[in-house]
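S.K.: Next up is a structure, given as structure tokens.
Residue numbers (the numbering used here): 6 to 681.
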């Protein structure tokens, strides 16, 4: 637009009708002959139209409105801000900058909102929508006054237990409307389903807080100085299943997770059934020690009386189920629910089940019933969340079992948990004292362990030991079937309690001995005759196997011994006996023990061929020594274990011994400490 500068300045005023008539005529005459000015005029009109649509401006104040009608007087003056605004290039740049600013502002707001949401979730903040309150009467949790006979009425399936915790988690269970107070913890019940807030993801693999009690291998003891070996029986099998879990995850187990006696007792052996009034029979055997041919391996076996399921006494079972947040993993609560379903399917009309759950608080969610469909429905409602008030749950479970007590029946609490108690009574000492107090009521305890990462094996074992009970680890559904279906009688029915073994070795035949395993079941020699001292329980059909490694008399092997006594001497009596085996046990409801004594002669231990019982038990013990990397493993080796296990596999209808052989093969490949 050559020589059109003066006209350019007037175009905007012309568009707004602000030019004097003379200027209008001059400008229109110029536009008629100048194509460039006409194009600029149309562009400004379009720009102003767009600005009018997108920018809302405040009306001009009345005091300034008169300025719009001041006639335009062209004069020489400096450019103003308005003059620059009407420059098309500057105007376009300003509009672009403004648009970018709006975009950045909106984007920043979205980012801040998302970060704020993440921070809230990290703090456990949850938003919940509660149904409108319904005016309904409050009621106390009813006492369990249930007759021994099979109930005919439909049990009350409670619709919802909501236990609020410090973690803003909630426990969802079937329950009726009502309210109960346990100590200082209040439980409110409502109908709608509750959803747990918080992360459901599995803990990182490197985050591991599993706990195992320290095990120090039993040492050799001189028979001359310490002729008595006293211990409590152990029918637990948890260690074997736990070791299997590690090996199936392609890693060696921690040494303290390997309790050799529990590995040996995982398997059944071909011991004879009892033939007299005692609830178990005793078997003995002696052979060369597989990992040290200069030593001998002695076996002491107990076979509990087999009882058919239909002949078992009526069951009063209280399921005490951990539904805390730590159970919210596939190998914990979902597996627990599947295991409980298997057990429920085995129950008879005379058996009754109650369900107690605990998380941030504990509550009774199913009163005693024989209705399987009702029990299964209650199990189906289980979901996990919150912290773990284990102590409160144990208190309530024993209370429920006591109120539904069946005389001459099997009264038992079945605790299913990962052992991660962290609210209320949580220390090992306090829980053990609580369990010791409750066992005096005649109610037995079964502990079922689940899960990985934060599993508390040491705590679970102590609870079972002190609660007149047994302990199993459920690593998969097949193990649940073994414990709760195949071996239901042994798991749930006690035929003898406080079973103790005391063996006196003849120093004329045995130089030294070592009990393999049972490190945390040892008793003082004085405890054997003391009926107040607690010991292990034997279930129907259970077998118990104990192994001793013996150094025969005349061996040149050195064994640590005490110094010479000043005031007394030891005189040996002539005897051809190798050892004397004594056992004490009580009836499940008795307080006085009965003594069983057997005298074993050395000549009795001259078998033509070692039995499959001793071969396989020895193979399992040798495997345990290798896993523990024990200082007493001698010449133990994986190939030797495999050879013995294969030779003594037997019929193996369930396939447990074949599985053992596969586990040994895995361990051999994983163990870099010993290469053959």
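Positions of the beta carbon are idealized from the N, C-alpha and C atoms, including for glycine.
Helix, strand or coil: how does DSSP classify residue 542 here?
M.R.: Numbered from 1 along the chain shown, position 537 holds the residue referred to as residue 542. Three-state DSSP puts residue 542 in a strand.
S.K.: Under 9 Å, Cβ to Cβ, is there at least one residue of chain C near residue 473?
M.R.: Going by chain labels, chain C is absent from the structure shown, which holds only one protein chain.
S.K.: Can you tell me which of the three DSSP states residue 551 falls into?
M.R.: Taking the chain shown and counting its residues from 1, the one referred to as residue 551 is at position 546. In the structure shown, residue 551 sits in a strand (DSSP, three-state: E or B).
S.K.: Does the distance from the CB of residue 276 to the CB of residue 292 come in under 9 Å?
M.R.: Stepping through the chain shown from its first residue, residue 276 is reached at position 271. Stepping through the chain shown from its first residue, residue 292 is reached at position 287. It is not a contact, given that the beta carbons lie outside the stated cut-off.
S.K.: By the three-class DSSP mapping on this structure, what secondary structure does residue 30 have?
M.R.: Position 25 of the chain shown, counting from 1, holds the residue named residue 30. DSSP places residue 30 in helix when its eight states are reduced to three.
S.K.: Do you know whose CA, among 678, 677, 672, lies nearest residue 250's CA?
M.R.: Taking the first residue of the chain shown as 1, we reach residue 250 at position 245. The option with the nearest alpha carbon to residue 250 is 672.
S.K.: Is residue 420 near residue 452, with beta carbons less than 9 Å apart?
M.R.: Translated into the one-based positions of the chain shown, residue 420 becomes position 415. Translated into the one-based positions of the chain shown, residue 452 becomes position 447. Yes.
S.K.: Assuming residue 560 is part of the alpha helix (DSSP H), what are its boundary residues?
M.R.: Taking the chain shown and counting its residues from 1, one reaches residue 560 at position 555. First-last for residue 560: undefined, no H or E at that position.
S.K.: Could you tell me which whole beta strand (DSSP E) segments of length 3 or greater appear in the segment 213-256?
M.R.: Whole beta strand (DSSP E) segments, 3+ residues: 233-237.
S.K.: Quick check on the DSSP output: the beta strand (DSSP E) that includes residue 598 runs from which residue to which?
M.R.: Counted from its first residue, the chain shown places residue 598 at position 593. Counting along the chain, residue 598 falls outside any beta strand (DSSP E), and DSSP gives it neither H nor E.
S.K.: Could you spell out the range, first to last residue, of the alpha helix (DSSP H) harbouring residue 572?
M.R.: Mapped onto the chain shown, residue 572 falls at position 567. Element bounds for residue 572: n/a, residue is neither H nor E.
S.K.: Counting C-beta neighbours from all protein chains within 10 Å, is the total for residue 11 16 or more, i.e. buried, or is it exposed?
M.R.: Taking the first residue of the chain shown as position 1, residue 11 is located at position 6. By the neighbour-count rule (16 or more Cβ atoms within 10 Å), residue 11 is not buried but exposed.
S.K.: So residue 533 is in the alpha helix (DSSP H); what residue range does that whole segment cover?
M.R.: For this step, residue 533 is matched to residue 528 along the chain shown. Run containing residue 533: none; DSSP gives neither H nor E here.
S.K.: Can you grab the Cα-Cα spacing for the pair residue 554 / residue 447, in whole Å?
M.R.: Taking the first residue of the chain shown as position 1, residue 554 is located at position 549. Taking the first residue of the chain shown as position 1, residue 447 is located at position 442. Each residue's Cα considered, the two are about 37 Å apart.
S.K.: Does DSSP put residue 503 in a helix, in a strand, or in coil?
M.R.: Along the chain shown, one-based indexing puts residue 503 at 498. Here residue 503 sits in strand by DSSP.
S.K.: Out of 296, 363, 335, point me to the one whose CA is closest to residue 329's CA.
M.R.: In the chain shown, residue 329 corresponds to position 324, counting from 1. The shortest Cα separation from residue 329 among 296, 363, 335 belongs to 363.
S.K.: Quickly, what does DSSP pair residue 451 with across the bridge? List them, please.
M.R.: Residue mapping note: residue 451 aligns to position 446 of the chain shown, counting from 1. Beta-bridge pairing links residue 451 to 419, 475.
S.K.: Tell me which residue opens and which closes the beta strand (DSSP E) that residue 382 is part of.
M.R.: The sequence position of residue 382 within the chain shown is 377, counting from 1. Unbroken run through residue 382 is the alpha helix (DSSP H), 377-385; no beta strand (DSSP E).
S.K.: Between residue 520 and residue 348, which are expected to be in contact by the criterion C-beta below 8 Å, what is the C-beta distance as a whole number of angstroms?
M.R.: The residue labelled residue 520 in the question sits at position 515 within the chain shown. The residue labelled residue 348 in the question sits at position 343 within the chain shown. At roughly 34 Å, the Cβ-Cβ gap does not stay under 8 Å, so residue 520 and residue 348 are not in contact.
S.K.: How about residue 523 and residue 246: do their beta carbons lie closer than 9 Å?
M.R.: The count along the chain shown starts at 1 and reaches residue 523 at position 518. The count along the chain shown starts at 1 and reaches residue 246 at position 241. Contact: no.
S.K.: Should residue 649 go down as buried or exposed, given a rule of 16 or more other Cβ atoms within 10 Å for buried?
M.R.: As a position in the chain shown, residue 649 is number 644, starting the count at 1. Residue 649 is buried by the Cβ-count criterion.
S.K.: Candidates 415, 458, 467: which alpha carbon is nearest residue 440's?
M.R.: Numbered from 1 along the chain shown, position 435 holds the residue referred to as residue 440. Out of 415, 458, 467, 467 has the C-alpha closest to the C-alpha of residue 440.
S.K.: Grouping DSSP H, G and I as helix and E and B as strand, with all else coil, what is residue 148?
M.R.: Residue mapping note: residue 148 aligns to position 143 of the chain shown, counting from 1. With a pLDDT of 41 at residue 148, under the threshold of 50, the predicted position of this residue should be treated as unreliable, and no value is reported.
S.K.: Hey, could you find the ends of the beta strand (DSSP E) residue 498 is sitting in?
M.R.: The count along the chain shown starts at 1 and reaches residue 498 at position 493. No beta strand (DSSP E) contains residue 498, which DSSP labels as neither H nor E.
S.K.: What three-state label does DSSP hand residue 3 in the structure shown?
M.R.: In the structure as shown, the chain begins at 6 and stops at 681. Residue 3 is therefore absent and cannot be evaluated.
S.K.: Is the segment 372-390 in contact with the segment 308-318, if contact means three or more CB pairs nearer than 8 Å?
M.R.: Result no; under three Cβ-Cβ pairs closer than 8 Å.
S.K.: Going by C-alpha to C-alpha distance, which of 105, 283, 296 sits closest to residue 311?
M.R.: Translated into positions along the chain shown, residue 311 becomes position 306. When only C-alpha atoms are compared, the closest one is 283.
S.K.: Rank 25, 457, 224, 23 by C-alpha distance to the C-alpha of residue 566 and give the top, closest one.
M.R.: Here residue 566 refers to the residue found at position 561 of the chain shown. If we check each option's Cα against that of residue 566, 224 comes out closest.
S.K.: Check residue 42 in the structure and name its three-state DSSP category.
M.R.: What you label residue 42 is simply residue 37 of the chain shown in a count that begins at 1. Helix, per DSSP.
S.K.: How many whole angstroms separate the CB atoms of residue 244 and residue 221, which I take to be in contact at a CB cut-off of 8 Å?
M.R.: Counted from its first residue, the chain shown places residue 244 at position 239. Counted from its first residue, the chain shown places residue 221 at position 216. Incorrect: roughly 16 Å between the Cβ atoms, too far for contact.
S.K.: Take the Cβ of residue 248 as the centre, count every other Cβ of all protein chains shown within 10 Å, and call the residue buried at 16 or more, exposed below.
M.R.: Reading the chain shown from its first residue, position 243 is the one you call residue 248. Buried: at least 16 other Cβ atoms inside 10 Å.
S.K.: Taking the C-alpha atoms as reference points, what is the distance between residue 639 and residue 625?
M.R.: Locating residue 639 in the chain shown gives position 634, counting from the first residue. Locating residue 625 in the chain shown gives position 620, counting from the first residue. Going by the C-alpha atoms only, they are around 15 Å apart.
S.K.: In the structure shown, what three-state DSSP assignment does residue 101 receive?
M.R.: Position 96 of the chain shown, counted from the start, is the residue given in the question as residue 101. Residue 101 falls in the helix class under three-state DSSP.
S.K.: By Cβ distance below 8 Å, which residues in the same chain neighbour residue 469 in space, the five residues on each side in sequence not counted?
M.R.: As a first step, residue 469 must be located in the chain shown, where it is residue number 464. Cβ neighbours of residue 469 beyond the five flanking positions: 241, 450, 451, 452, 475, 476.
S.K.: In or out: residue 580 buried (at least 16 other Cβ within 10 Å) or exposed?
M.R.: Looking up residue 580 in the chain shown gives position 575. Counting Cβ neighbours within 10 Å, residue 580 comes out exposed, since fewer than 16 surround it.
S.K.: Measuring straight from C-alpha to C-alpha, what distance separates residue 254 and residue 651?
M.R.: Here residue 254 refers to the residue found at position 249 when the chain shown is read from its first residue. Here residue 651 refers to the residue found at position 646 when the chain shown is read from its first residue. The straight-line gap from Cα to Cα measures roughly 24 Å.
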